[in-house]
C-alpha cells in the first residue's frame, strides 16, 4: 500500500450539481441526520419506508441506503421490496449493517436481505462486518468490538462472497472490492463520541455512489470528504454537540483545496 | 397587490401566553424539529400517533398538524381518526402535503384524507400543491419542482375546491383562501439547505392557527415570524447547521420591533 | 431535610470507564437525544424495539429505559418483553411516564406495564406521577400541570405501592424510595424551553442505574450531573437551541470539581 490521491472533489461537485435523490430506509434514531447529511452535501434525501411506496420511490432515486439500526419485520420486508426495485433500475444499494451481531433476529434478517437482493456496498464497523461475513462475533451496543482477524482479508472475503464492495469503518477505513483496495486514514476520534456518524457515513457513501459507477472510488471519496469535514469541525468544537454542528457546516462548504491538502488515502 | 402590514406579533404573544397544545401526526425524520419549533414559539407540542389515542389527544389540542412525509397505511388511518375528532371539536387541521406527487400511494392516501376529513389549511411547495390540486406533476424528492402554472391561480382553485386556506411555500409564499390573499416575501435561501424547514413551517402555522380564527392571517403571520427568524439566523451562521440552531434561538426571542421592521407582506 | 453531598462523580467516572449498554424503547420524538445523552456521558446506547429482538438486546444491556411518549400497542408489547428479560437478568428498568394522564389508552397501557413487569425507577413530572399513582389529574401536553397534593407524599406512596424508586422532576426534583429521599435543586429554567430534556433525564438516570445498585443514589447523582451541565450550558447560550448543544458539550466534559462545587442536594 502506498499513499495515493483520489479525485474526490469532482464527485462532490457532481452531487452539488445533479442533486441526486438518495432514498433511505433507515433507523428512527439517526434518520434526521442521515437526511440532513445528504442535503448539506447537495443531494436530495428521501426517507420513505411504507412497503406500498418504496418500490416507486426507489424508482425515482439514484441510490438506495438501507440501515438496520432499528429493524422490524415490516421494515425488512419494505427493504427487500425497495432493494429489488433498485436492482431492477440498476442503481446502487448500500447496506449499513448497523448493530449486526447484536441479536439473532438482526443477523437472520440481514442474511435474508443479502440473499434475496443484490447489495452493492456493505458498510459496517469491524465487528459488524465480521458478523456479516459469518464470523461468530457479538457486538457490544453499536460500538465496534475488537476483531482479531486480519480485517482487510475479512472484508475482501465478504466482497468476493457477496460480489460487492465492502467498507469497514474505524480509525482507518477499509474500502475493498474484488479488484480494488483503498485505506482512508482521515477522521477524528470525536466522531466516536456522538451518535450518528456511522449512519451518516453510509448516507454519504450513498450520495457519492449515486454519481459514480466505480463504487470503491465513490465510497473512498465519500469517506474522505466526510472525514476531512470532521477534522475541520473538531478544530472548532468544544465537545461532541458543537462538533456535530460544525461537521455539517464544514461539509457544506468543503472545497477542492481542503480536500486535496488533507486527504490521507492509501491504495 | 400592495405592501401591507399584518399584526403578527400579537398572535405570537398569544401563543407565548396561552401555550396552546398543537397535536401532530407527522413524519419520523423531522418529528423532533416540529415539536421543538412549537416549543420555542411558546406552545405545547404533542406528538402521538396510535390510533387508540389520537382522537382523545386531538380533543386536548387547539390545532392538529398532519404531515405525510413518511406515510404508512396505519399512520393515515390514525390521521383520519385524529382529523375527524379535530373537526368535531372545531379546531383547525393543517395538512403538510410533504412529498405529495412522489408516489401513487402517497397521492391516493392524501386524496382519501382530504375526502374523508375537513382540512382547514393545506400547505406544500409548488409541486406538492400542484399534485394535490389534481395536476399531474411529479415531485423530485421533497424539493420543489418547477411549476409553470400560475401558482396563485392554482392555489386559489384548490382553496375553492377544498373550502380551505392554501399555503404555497417558496421564495415567495402564497397564502390564499376564497376571500383573502397574502404574499409573504420574507425568508432566506439557507432554509432550503437544511432538512426540516418546510415541516417546521407547517408546525408554526399550526401554532398560529391555534390562537387565531382567521386562518389566512394565522398562516401569514406564522410564516412572517418564522422567516424573519430565519433572516436573523442567517446573519449569524456559518452553514446550514449553525443556521438551524440560530433559527430556533431567534424565533424564541423574536420581538415586536423586529417583526414590524422586517416583515415583507403583500395583500 | 438538610443539605448533603452525594458522590456523583465516581459514578460518572464509572460510566465513562465501563461504557454500560443502556437499552431503550422510547418515543420517536427524542430518540436521538436519548441515545446521544447516554453517548456523551460515556455509555453505549442501544435503541431497538422489535419484539423479535428486545429480549436478547436487553440481555446484552446493563439497564433498560422505557419511555411511553409515542406509545402504540406494538411498542408496549415489546416493552413488556424487554422488561421481563431485564427483570430476569436483574438489570434495572426505568420507566419515563412521558405524557401519562393525557389519554386513557396511555394510562391503561402504563398500568398494564407496571402490573406485568417490575419497574425499578418510575420517573415523571408532577402530573404524570400523580396519574401513575392513581390520582385523577389530566396532563396538558407533555408539560407539567399543577398538582396540589404534597408531592413528596405522593411519590412516596407510589414508591411503596410499586416497590420502586420514584423520581418527580420539576424546579426541585424528588427522588424517593421506601427508605431514601433526596431533593435535587440543580437545573435551569431553560430546560423547560426545549423539547427532550425530560426524556434525556430518564436516559441519564438509566446510565447511572447501570453502574450503581442504590437506585435512589443513582437517580440523584444522574440528575445532579445533568442539571449542573444545564446550569453551565445556560451561562453560554443565546436561546434554547444553543443551550441544548452546550448541554451535551458540558456534560461530556463535566469534572469532579464542578460537580462538587455546584451540587445542591438535600437528604
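Protein chains in written order, with the working numbering: chain U, 1 to 267; chain B, 268 to 534; chain S, 535 to 801. Cβ atoms here follow ideal geometry from the backbone N, Cα and C, with glycine treated the same way.
Pairing residue 573(S) with residue 800(S) gives a Cβ-Cβ distance that is not under 7 angstroms. If you draw a straight line from the Cα of residue 600(S) to the Cα of residue 445(B), it is about 48 angstroms long. At least one CB of chain B lies nearer than 7 angstroms to the CB of residue 252(U). Between residue 153(U) and chain B, the shortest Cβ-Cβ separation is not below 7 angstroms.
A Cβ of chain B is located within less than 7 angstroms of the beta carbon of residue 776(S). Judged by their CB atoms, residue 204(U) and residue 187(U) are not nearer to each other than the 7 angstroms cut-off.
Under DSSP, residue 716(S) shares a beta bridge with 709(S). Within chain B, the C-beta atoms nearer than 8 angstroms to that of residue 566(S) come from 299, in chain order. Here residue 377(B) is buried: its Cβ has 16 or more other Cβ atoms, across all protein chains shown, within 10 Å. Between residue 689(S) and residue 744(S), the alpha-carbon positions lie close to 22 angstroms from each other. For residue 691(S), the enclosing alpha helix (DSSP H) covers residues 685 to 696.
Under the Cβ criterion of 7 angstroms, residue 506(B) is counted among the residues facing chain U. Residue pairing from DSSP places residue 291(B) in a beta bridge opposite 314(B) and 332(B).
Membership of residue 204(U) in the alpha helix (DSSP H) is indicated by the continuous run 197 to 209. At a cut-off of 7 angstroms, the C-beta of residue 334(B) has no neighbouring C-beta in chain S. Excluding its 5 nearest sequence neighbours in each direction, residue 172(U) has C-beta neighbours in its own chain below 6 angstroms: 183 and 185, listed in chain order. Within the same chain, 25 and 49 come within 7 angstroms of residue 75(U) by CB-CB distance, once the 5 residues on both sides are set aside.
Contact annotation: the stretch 621 to 630 of chain S does not touch the stretch 767 to 784 of chain S, with fewer than three C-beta pairs closer than 8 angstroms. In the displayed model, residue 703(S) falls within a strand according to three-state DSSP. Close partners of residue 70(U) in chain S (Cβ separation under 8 angstroms): 581, 582, 583 and 584. Neighbours of residue 57(U) in chain B, taken as residues whose beta carbon is under 8 angstroms from its own, are 369 and 370 in chain order.
Against chain B, the CB of residue 178(U) has no partner CB under 7 angstroms away; the residue lies outside that interface. Between residue 621(S) and residue 651(S), the alpha-carbon positions lie close to 7 angstroms from each other.
Across the structure, residue 512(B) and residue 202(U) are spaced so that their CA atoms are roughly 24 angstroms apart.
Taking 3 residues as the shortest admissible run, the stretch 607 to 667 of chain S contains the following complete beta strand (DSSP E) segments, listed from N- to C-terminal end: 627 to 630 and 655 to 659. Per DSSP, residue 563(S) lies in no alpha helix (DSSP H) segment and is marked neither H nor E. When Cβ pairs closer than 8 angstroms are counted between the two stretches, the stretch 17 to 35 of chain U is seen to touch the stretch 210 to 220 of chain U, the count reaching three or more. The three-state secondary structure of residue 532(B), taken from DSSP, is strand. Chain order gives no chain S residues near residue 462(B), where near means a beta carbon separation below 8 angstroms; the closest approach is about 13 angstroms.
Pairing residue 199(U) with residue 229(U) gives a Cβ-Cβ distance that is not under 7 angstroms. When DSSP states are grouped into helix, strand and coil, residue 246(U) belongs to the helix group. Rounded to the nearest angstrom, the Cβ distance from residue 158(U) to residue 133(U) is 4 angstroms, consistent with a contact under 8 angstroms.
Under the three-state reduction of DSSP, residue 502(B) is assigned to helix. Under the three-state reduction of DSSP output, residue 551(S) falls in the helix class. In this structure, the alpha-carbon of residue 653(S) lies about 21 angstroms from that of residue 704(S).
In chain order, 193, 194, 195 and 240 make up the part of chain U whose C-beta sits under 8 angstroms from the C-beta of residue 573(S).
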